[in-house]
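A.B. asks: My questions all concern the structure below.
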Amino acid sequence: MNDDLQKRIQQAMADPKNLGEMADADSVGTVGNSDCGEMLRMWVKFREDGGRKIIDKASFQSFGCETAIAVASLATELIRGKTAEEALALKTEELAGELGPLPPMKIHCAQLVEGALRSALAPQTAPAPVSAPKSAPTLLDSISNLAASGGKITFLDETSA
Amino acid sequence: MSVTITGQSLMSEVLAAYPGAQRALFRKYHIGGCASCGFQPTETLAGVCGRNGNLNVAEVLAHIQSSHEQDEKILIGAKELAQWRQSDASVRLVDVRSREEFEAVRIEGSVLLSQPVMQQIMAEGANTRPLVVVDHKGKHGLDAAAYFMGHGLQNVRCLRGGIDAWSQEVDATVRRYKLG
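Chains as they are written, first to last, in this note's numbering: chain X, 2 to 162; chain A, 1195 to 1374.
Structure below.
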């Protein structure tokens, strides 16, 4: 990743906008790539404006890499004042806004945001969660498998007796 | 630390020295999160950096070490936790071990992390209520702590040394054990 992009991501991360749950949201969308340990949820609130139903505010919650959080932060700002149709028409690279073009390895972070947005605004068109072939243990595995990763329990006071 | 980590270190060695390295790599570089961007324990750190956009190995290593230092701040000692619980009844202990381990030995008042417990914690949303993650020996709890922090919980800690340290430092009636 180039230094400029890293700086822009860090700037977005330093003051993320619209982070957190929205209690009075009209719509909620969730997208997750379980293999990536990555989940993103987005809340949207609408309002009427001159006969149009536009996005009044949007917020998000994420666990994952800085890029996904930075893109979500920018995207929730970008879609304010737009109708659902206008927001859905935004391309993945447009959602990343001032972050600029993302390198190939980071594009799916932005796609995650796009997926959450689609899930919130048009659930019927939201893409199915991506599931890559399994090879190495993943982040989510390391958390969710903790509860299943036991083994035979031997008390130390029995072995030393 | 007995092993000096360099670019030629195997990822298994990197993870042994810095248990939160996978999380740190994922957060900043999106490496190691999934099967498509993951790495193998037998790869070297330099190798992983090389096939991920030729990342600067020294910079990546510095990031891992910096994250490790941050992880250290999340940890809370057993004695300190015992005192905290006495002064603040709202402190909740979430045990991330297996059900078998939890049923064999547990810290009084702790709850096993199950799906319902996870859903309940998530449903509460962002908050400052203290939550302490308990594992066996303090090797895995940080990942769970980071997960909760990533979901907006602002007062998450992890018991340093896990329940094994609690047995040794606070309550000897909690029997020590090994797995295998």
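For each residue, glycine too, the CB sits at the ideal point set by N, CA and C.
Classify residue 5 of chain X: buried if its beta carbon has 16 or more other beta carbons within 10 angstroms, exposed otherwise.
C.D. replies: In the first sequence, the residue the question calls residue 5 of chain X occupies position 4. By the 10 Å Cβ count, residue 5 of chain X comes out exposed.
A.B. asks: To the nearest angstrom, report how far apart residue 93 of chain X and residue 1369 of chain A are at their CA atoms.
C.D. replies: Translated into the one-based positions of the first sequence, residue 93 of chain X becomes position 92. Translated into the one-based positions of the second sequence, residue 1369 of chain A becomes position 175. Their backbone Cα atoms lie some 54 Å apart in a straight line.
A.B. asks: When the Cα of residue 1303 of chain A is compared with those of A:1217, A:1234, A:1292, A:1276, which residue comes out closest?
C.D. replies: Here residue 1303 of chain A refers to the residue found at position 109 of the second sequence. Ranking the options by Cα distance to residue 1303 of chain A, first place goes to A:1276.
A.B. asks: Ignore the nearest five residues each way along the sequence and tell me which others in residue 96 of chain X's own chain have a CB closer than 8 Å to its CB.
C.D. replies: As a working note, residue 96 of chain X is residue 95 in the first sequence. Counting only Cβ-Cβ distances below 8 Å, and skipping sequence neighbours, we find 72, 75, 76, 79, 111, 114, 115, 118.
A.B. asks: Would you say residue 93 of chain X faces chain A, with C-beta separation under 7 Å as the test?
C.D. replies: Residue numbering aside, residue 93 of chain X sits at position 92 when the first sequence is read from its first letter. Output row for residue 93 of chain X: interface = no.
A.B. asks: So, does the CB of residue 157 of chain X fall closer than 7 Å to a CB anywhere in chain A?
C.D. replies: Position 156 of the first sequence, counting from 1, holds the residue named residue 157 of chain X. Judged by the 7 Å Cβ criterion, residue 157 of chain X is in contact with chain A.
A.B. asks: Counting contacts by CB-CB distance shorter than 7 Å, is residue 154 of chain X in contact with chain A?
C.D. replies: As a first step, residue 154 of chain X is located in the first sequence; it is residue number 153 there, counting from the start. Closer than 7 Å to some Cβ of chain A, the Cβ of residue 154 of chain X qualifies, so yes.
A.B. asks: Identify whether residue 36 of chain X lies in helix, strand or coil by the three-state DSSP scheme.
C.D. replies: Your numbering for residue 36 of chain X matches position 35 in the first sequence. Residue placement at residue 36 of chain X is flagged as unreliable, the pLDDT there being 47, under the threshold of 50; a coordinate-derived value is accordingly withheld.
A.B. asks: Please list, in chain order, all residues of the same chain as residue 1212 of chain A whose beta carbon is under 6 Å from its beta carbon, the five residues on each side excluded.
C.D. replies: Counted from its first residue, the second sequence places residue 1212 of chain A at position 18. Only 1258, 1262 meet the Cβ criterion.
A.B. asks: Given that residue 21 of chain X touches chain A, what residues does it touch there, using C-beta distances under 9 Å?
C.D. replies: Position 20 of the first sequence, counted from the start, is the residue given in the question as residue 21 of chain X. Correct list: 1319, 1320, 1346.
A.B. asks: Just to confirm the assignment: which complete beta strand (DSSP E) runs, minimum length 3, are found wholly within the segment 1258–1321 of chain A?
C.D. replies: Listed in chain order, they are 1286–1289.
A.B. asks: Can a CB atom of chain A be found closer than 7 Å to the CB of residue 115 of chain X?
C.D. replies: In the first sequence, residue 115 of chain X corresponds to position 114, counting from 1. No - not a single Cβ of chain A is within 7 Å of the one on residue 115 of chain X.
A.B. asks: Quick one: is residue 1249 of chain A buried, meaning 16 or more other Cβ sit within 10 Å of its Cβ, or exposed?
C.D. replies: Working through the second sequence from its first residue, we reach residue 1249 of chain A at position 55. Label assigned to residue 1249 of chain A: buried.
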